[in-house]
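J.: Structure in structure tokens, see below.
Number of protein chains: 2
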Amino acid sequence: MHEKERHRIILSAVQDRPVATVVELCNLTGASEATIRRDIATLHMQQKLRRVRGGAEAINPPPFVGLAGRTFAVNETMRTSEKQAIARAAVDLCEDGDSIIINGGTTTFQMVHPLATRRCQIFTNSFPIAEHLLKHSKNTIMLSGGTIYREQNIILSPFDNDVTRNFYAKRMFMGAQGLGPLGLMEADPLLIQAEQKLIGQADELVVLADSSKFERRSSLVLCPLNRITTVITDEGISDKAAAMLDAADVTLVVAQPGSGQEEVS
Amino acid sequence: MHEKERHRIILSAVQDRPVATVVELCNLTGASEATIRRDIATLHMQQKLRRVRGGAEAINPPPFVGLAGRTFAVNETMRTSEKQAIARAAVDLCEDGDSIIINGGTTTFQMVHPLATRRCQIFTNSFPIAEHLLKHSKNTIMLSGGTIYREQNIILSPFDNDVTRNFYAKRMFMGAQGLGPLGLMEADPLLIQAEQKLIGQADELVVLADSSKFERRSSLVLCPLNRITTVITDEGISDKAAAMLDAADVTLVVAQPGSGQEEVS
DNA sequence: CCGTTTATGATCATTGGTGATCGTTTATGA
DNA sequence: TCATAAACGATCACCAATGATCATAAACGG
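In the order they appear, the protein sequences are chains A and B. In this note's numbering, each residue carries its 1-based index in the first sequence increased by 128. In this note's numbering, each residue carries its 1-based index in the second sequence increased by 128.
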């Protein structure tokens, strides 16, 4: 990865939250801590951001009210490192020019930073994802129409006849409430409906799920395991869960916090 | 391949992305790394680009496009006080609970501030309007689906079958490029299409146009004057323009910069 | 047709960025 | 106040990127 690329990712991440730590930026870029520190020092000299202990912050006082509601903000701070490494591995699957769908969620939101250096066609139902990519990247952004639900920051339409049906993508990326033998689990029936609609528009289905998601069960099954093409998770995945995915012929990618990632099956 | 040809390719690639690596340019041109380096050195001397380790970057600082594109930002500062008074008069037509449509534009954008205290159902095709209302108001926000055009900050869909067709509103608010005897004028055919679609979904049509718009003519007619229910403008409106609106049975509201506004016909 | 010039590609020594290690500094909690 | 852990800065080894040099081929002019 080139220096400028890292710089863009760092600036993107710094805009997103009040302070971005060195470790977070390592996960997002795949670079070492030493390099990130050097980058932060450089950007500090260029007045692009402010250097603080532990990481970096935006040069301008961050707006008081975040777009993300409280729920979103709280979730965002949980298991951040894993989510970032997973998100980076997800973006590594993409190349410039790809058409992809990104379903809203706190894990998939982390994809926006590595995506800052890409130029893809991105369809999403997430307002924050669209907003960030619009501001900090040159990707083409397409948005689904409908009502914006503040709780989840997602745009939902009760109607079947929206633009969603006109966008077809190579890959769709989504998070999950839980992953079990029955398949991909979700909690909210409204979300289920929207996500199923999106899934139908993509060829491959890539699920971003940190390892805790294999322990959680939820009430509603979104789709069976064999519909999933790839699962990206972190090192905490159990052998049992890995075997389950293997049996369903799902490609498993284990994102390493540091740099590379390991494809298992 | 000729030298000039490579130079064009290199400059094109550099404009396109923040940084183009030597290897990338080799693949694009078929030349060797040594040649590409020489080319970059030459172009660097000519100030056509900047030479950096790993490749080359555009000479101008990477235009980190704010959410508001330049066009938008520039327009936004023009005739602001008039626009604000007009926008406030427009919001005064609304009551809590109303369903309204707001077409994107710099004048209509000013409506977001008075709308902060309302609780309406608002359908819009403008990303900045949706963003602001989402962050700073409790209105219910509905968004049209489609591609986000950065220049205008508007969401457009080439398809007819989007959620727009499922939202019906009492009023639609829109700006205008110009207002003449032929009707409401617009410059961009793409916008025309989107706006006509929206107009069909509302009962009343309220046009926000500062008085300079009566002098400007544009190439495309969006709709005839008699389709317009109300025009809100500022004190600068000429008698001739007022008479024209009166003849078309359009209610004219003159927004006073200070507080109240004056209904003329 | 031949000699010269110019552009290109290959080789190799050098430079500069990256990552790892280790000692030092700073923050946090007991 | 002290103890501990995290963060930081400095140093060094490594490797890719670079620049210099030279050989070759194409373009040019006589």
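Ideal Cβ placement from N, Cα and C applies to all residues, glycine included. This one's a predicted model, so the numbers in the text were calculated from it and none came from an experiment.
Using only CA atoms, which one of B/Q249, B/D226, B/G225 and B/R207 lies nearest to B/Q238?
T.: If we check each option's Cα against that of B/Q238, B/R207 comes out closest.
J.: State the Cα-Cα distance for the pair B/I229 and B/I269, rounded to the nearest angstrom.
T.: Cα-Cα distance, rounded: 10 Å.
J.: Tell me, which residues are paired with A/R129 by DSSP?
T.: The identity of residue 129 of chain A in the sequence shown is Met, whereas the question assumes Arg. Bridge partners of A/M129: none, in fact.
J.: DSSP three-state label for B/D374, please.
T.: Helix.
J.: Based on the DSSP secondary-structure assignment, which residues constitute the bridge partners of A/I228?
T.: Answer is A/I250 and A/R299.
J.: Please state whether DSSP places A/E363 in a helix, a strand or coil.
T.: Reduced to three states, the DSSP call for A/E363 is coil.
J.: Have a look at B/R166, B/R345 and B/F251 and flag the residue whose alpha-carbon is nearest the alpha-carbon of B/A116.
T.: This structure cannot settle anything about residue 116 of chain B, because the visible part of chain B is limited to 129 through 393.
J.: Using the DSSP secondary-structure output, state which residues sit across from A/E314 in a beta bridge.
T.: In DSSP, A/E314 forms a bridge with A/L348.
J.: Kindly confirm or deny that the segment 342 to 362 of chain B and the segment 298 to 317 of chain B touch, where touching means at least three C-beta pairs closer than 8 Å.
T.: Yes: at least three Cβ pairs fall under 8 Å.
J.: Given a cut-off of 8 Å on the beta-carbon distance, is the pair A/T235 and A/A215 in contact?
T.: Yes. Within cutoff.
J.: Kindly list, in the order they appear in chain B, the residues whose Cβ is closer than 8 Å to that of A/H130.
T.: Chain B residues near A/H130: V147, T149, G182 and G183.
J.: B/S285 versus chain A: which residues are under 7 Å apart at the beta carbon?
T.: Within chain A, the residues near B/S285 are V291.
J.: Count the other CB atoms within 10 Å of the CB of A/A375; is the residue buried (16 or more) or exposed (fewer)?
T.: A/A375 comes out exposed.
J.: Any beta carbon of chain A sitting closer than 8 Å to that of B/I269?
T.: Cβ-Cβ to chain A under 8 Å: yes for B/I269.
J.: Counting beta carbon pairs with one atom in the segment 182 to 189 of chain A and one in the segment 143 to 150 of chain A, are three or more of them shorter than 8 Å?
T.: As far as the Cβ criterion goes, the segment 143 to 150 of chain A touches the segment 182 to 189 of chain A, which means the pair count is three or higher.
J.: Assuming A/E223 is part of the beta strand (DSSP E), what are its boundary residues?
T.: Per DSSP, A/E223 belongs to no beta strand (DSSP E) and is neither H nor E.
J.: Cβ of A/E223 less than 8 Å from any chain B Cβ?
T.: So no, A/E223 is outside the interface.
J.: Applying the 10 Å Cβ sphere with the 16-neighbour rule, what's the burial state of A/A169?
T.: Label assigned to A/A169: exposed.
J.: What does the Cβ neighbour count give for A/N354, buried or exposed, with the cut at 16 atoms within 10 Å?
T.: Under this definition A/N354 is an exposed residue.
J.: Can you tell me the Cα-Cα spacing of B/A337 and B/P309, whole angstroms?
T.: Whole-angstrom Cα-Cα distance: 15 Å.
J.: Nearest-angstrom Cα distance between B/H260 and A/P286?
T.: For B/H260 and A/P286, the distance between alpha carbons rounds to 24 Å.
J.: Determine which residues of the segment 328 to 347 of chain B have a Cβ less than 9 Å from any Cβ of chain A, and write them out in chain order.
T.: If the cut-off is 9 Å between Cβ atoms, the segment 328 to 347 of chain B has nothing near chain A.
J.: Chain B partners of A/A258, CB-CB under 9 Å?
T.: Ordered by position in chain B, the residues that pass the 9 Å Cβ test against A/A258 are F255 and I276.
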